[in-house]
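Written out below as C-alpha cells is the structure these notes cover.
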Ligand code: IVH
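In our numbering, the protein residues as written are 3 to 670.
Structural data, given as C-alpha cells:
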C-alpha cells in the first residue's frame, strides 16, 4: 500500500512539474486548467494523508517554477508574491470563512472584498519618484523577471502617478488580454500556421515575455491593479483600491465590498452571471478580508495567505478526444463539419458535439480525427474547439477532407469563389433542405403558393409526399386529406393555389429555385437576358458574368446548379406538368427593341418617376436595370444630387444620360 502511495505521489509530482513547465515557461499547456487543478488537488490530498512522504521540493510547496535561464534580468521582490488557495464549491468557502472567524476570534460578520479573479499574469510594478520604474513577473514568488520594457507598452498603465502618490510605491495586479484581442491574435496565428494559445492568459504570458517590446505592443496587453504596498492612512483593502485608482492606476470598477458569507455568495453569483459578458476572462472571484490589520493577524501558510481565497467558477475549458468528424447539411444547404467528442463536462454541461464551422477553420487549426482537443463552452455559446494539442498526438490521427458531394442527397457540393462555406447544389430535392426549399419556392415573392409555409413543407416531406419541389404539382387531393388537419376544403384550396402558380413569370420561377447567389434582382436580369429556363440552363460562365449583378461566385453557382443531374430531372418534371418556362412573346419580341440587353444604372433623383418605376420601365423594354456601375454598364442615368456612381461612370468613360435624354430614349 505505502509503496503504491509513494509511487503515486511521485507520479503526480512529476506530472505537475511537467505541466508547470509547459504552462509557466512555454505558455503552451497540454491539459485544461481544470485538469491541472484536479492533479494538484489529488497530490495535495495524498501528501496531507501521508506526512511521512514530505518533500520540500514538491510542486505543492512552490509557486510556479524555478526561474529558468532567460534573457530578462532577475528581480528579487521586496515582498514575496504569494499565490492563493482555491475553493471549488460553497462548502469550501464556508469552511474558510469559519476558519477566519476562529482565527480572528470573532462572531461578528466579517467585511470582505469580492474581486473578479482576472485570468492573466501576476505582475509587480514599481514606481519611483512618481514614475514607472520597473515591472517584474512573479517567477517563483521570491524573484521574477524584469519585464519593464514590455510593461511600458500597456496603454492603461500610467508612466507617472497623479498628485498625492507616494514617491516610491509598488502596485500588484494582473496583466491580461481582452477576449477580442485574443481571438484576433489566434486567428492570425492560425492563418500563419503558428501554434495557437489555449486562452487569453497563456497569450498574455507569452506576450509579456517577448524579447522585442514592439511585438508585446501589438498584443494589446492591459492591466488591473489589485494590491499595493503600504499606503499611509489606509487601513483596508477596499480603501487601497480606491486610493490607487485616484492616482491613476487601473482598478476594475465592479470590485465589491460586502459583509458576511451570504453576501459573499451573492457577489460570487453576480460575477458568475456576468462572466460571459465581460470583455476579459475571469476564472472565479478572489475573496479578501478587508481589514489590513486582520490580514496581518491571519498571516500566511507557505505560499498561501490565510486572509484570501480564490473561489473558482466551473471550468469553461476541458481537454477531450475528437472521435470523429461528421458532415451535417443545414436547411440552407451549407455543409458543416461537426466534431463528435468523447463526452466531457464543460461549464456544468456534458458536451459531445462541437461545430467546426467550415473547412478553412479546420485546416487552419489543423484539427485531425483522433486528436486531443481543447473544448470551450461559455454562456450560451455553442461549444467549440479552441485548439488541438499536437503534443499529445500518437500517429494514428487522420486528416479530414470535406466530401465533394452532399452526404444527404449525393448532389455535387461546391465551394463558390470567395466563400468559406461548401453548399449542396441539390436544394430542390435534397432531403435535408427540402422543407426549407419548398417554403422558399412557395413564398410570396417566388411562386406565391398560398398555404405552404415551413410547417406544411415539413409535413409533406415527412409523409413522403414530396421528394422535390416539382412533386408539388403532382399532389392528389386524397394524399393531402391523409395529412394532419387537412380536410377536403383545405386540400382543394392548396391544389388550386399550386395549379395557379404554373403561370408565374419566368423571373419568379428562377428565383424560386433557390440557386445560391441568385436573388430577386439577379433572377429578373437572368429572365430578361436568357428568356427561357432552357436557355439559362445552357448558359456559360462568361455569358452569365455579362449580367451586372453576377460575379464568379454567381456564375459558378448557376452553372453547377444546372449541371446537376438531379436538378435537371426536377426541371423536366416541372416542364411535364405544364409550368411556364419562357418569357411570353418568345425570344424574338424583345430583341427587336433598341434597349434589349442594355444595362442601365440610375444615380440621383428623377423628377418624372420613382426609381422602381424607371427600373420597371427598362425591364419592360428588355433592358437590364442594375445598381452597380461596371465597365459593362451601357447607360448611367443621372438625376438630381447624383452620388459617387456618376464619378465612377465618368472615370470609366461610360455614356451618361440626363433625365430629358433618358426620357427621349425610352419614348423612342
Ligand atoms: S490577490 C496574496 N486579487 O490569481 C494574494 N489575485 O491564483 C495575491 N489574481 O497570483 C493575489 N485576480 O495572479 C489577487 N483580484 C485579484 C486577482 C488575483 C487575479 C491572480 C493573481 C494571483 C493568482 C492566484
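Glycine included, C-beta positions come from ideal geometry on N, C-alpha and C.
Asked                                                                                                          : Found
Where residue 342 sits in the DSSP three-state scheme                                                          : strand
Burial state of residue 22, where buried means 16 or more other Cβ atoms lie within 10 Å                       : buried
Among 436, 174, 647, the one whose alpha carbon lies nearest that of residue 129                               : 174
Three-state secondary structure (DSSP) of residue 175                                                          : strand
CB of residue 439 within 8 Å of CB of residue 430, strictly                                                    : yes
Euclidean distance between Cα positions of residue 189 and residue 199                                         : 10 Å
N- and C-terminal bounds of the alpha helix (DSSP H) containing residue 190                                    : 181-193
Pair within 8 Å by beta-carbon distance, residue 249 and residue 120                                           : no
Helix, strand or coil at residue 132 [DSSP, three-state]                                                       : coil
For residue 491, the nearest candidate out of 41, 479, 547 (CA to CA)                                          : 479
contact_flag[the region 341-359, the region 310-323] where n(CB pairs < 8 Å) is 3 or more                      : yes
Where residue 590 falls: helix, strand or coil (DSSP)                                                          : Unreliable placement is indicated for residue 590, whose pLDDT of 47 sits below 50; the coordinate value is still reported in the next sentence. Residue 590 falls in the helix class under three-state DSSP.
Cα-Cα separation between residue 454 and residue 487, rounded to whole angstroms                               : 14 Å
Nearest-angstrom Cβ-Cβ length linking residue 45 and residue 306, presumed shorter than 8 Å                    : Not confirmed; about 15 Å, so no contact.
Three-state secondary structure assigned by DSSP to residue 148                                                : strand
For residue 112, the three-state DSSP class (helix, strand or coil)                                            : coil
For residue 88: DSSP bridge partner residues                                                                   : 312
Paired residues, beta bridge with residue 335 - DSSP                                                           : The partner list for residue 335 (beta bridge, DSSP) is empty, contrary to what the question assumes.
Buried versus exposed call for residue 118 [16 or more other C-beta atoms within 10 Å across all chains shown] : buried
Counterpart residues of residue 492 in DSSP-defined beta bridges                                               : Answer is none; residue 492 lacks a bridge partner.
Contact check, residue 508 vs residue 529, beta carbons under 8 Å                                              : yes
Span of the beta strand (DSSP E) around residue 431                                                            : Neither: residue 431 is in no beta strand (DSSP E) and is coded neither H nor E.
Spatial distance of residue 603 from residue 628 (CA atoms)                                                    : 5 Å
Residue 297 versus residue 376 - alpha carbon distance                                                         : 38 Å
Distance CB(residue 282)-CB(residue 441) smaller than 8 Å                                                      : no
When 432, 340, 506 are compared against residue 572, the one with the closest alpha-carbon                     : 432
Strand pairing of residue 604, partner residues [DSSP]                                                         : 639
Whether residue 395 touches residue 368 by CB criterion (8 Å)                                                  : no
Residue 592 versus residue 664: straight-line alpha-carbon distance, rounded                                   : Legend: pLDDT at residue 592 = 49, less than 50; position of this residue unreliable, value from coordinates given subsequently. Computed Cα separation, rounded: 19 Å.
The ligand NAP heavy atom lying under 7 Å from the CB of residue 34                                            : Annotation note on the ligand NAP: not contained in the displayed structure, which lists the ligand IVH as its ligands.
At least 3 beta-carbon pairs within less than 8 Å: the region 350-370 vs the region 381-400                    : yes
Segments assigned beta strand (DSSP E), at least 3 residues, entirely inside the region 251-331                : 258-261, 284-291, 310-314, 319-331
Under 8 Å between C-beta atoms of residue 160 and residue 184                                                  : no
With 16 other Cβ atoms within 10 Å as the buried cut-off, status of residue 187                                : buried
Close Cβ partners of residue 659 (< 6 Å) along its chain, the five nearest in sequence each way excluded       : 637, 639
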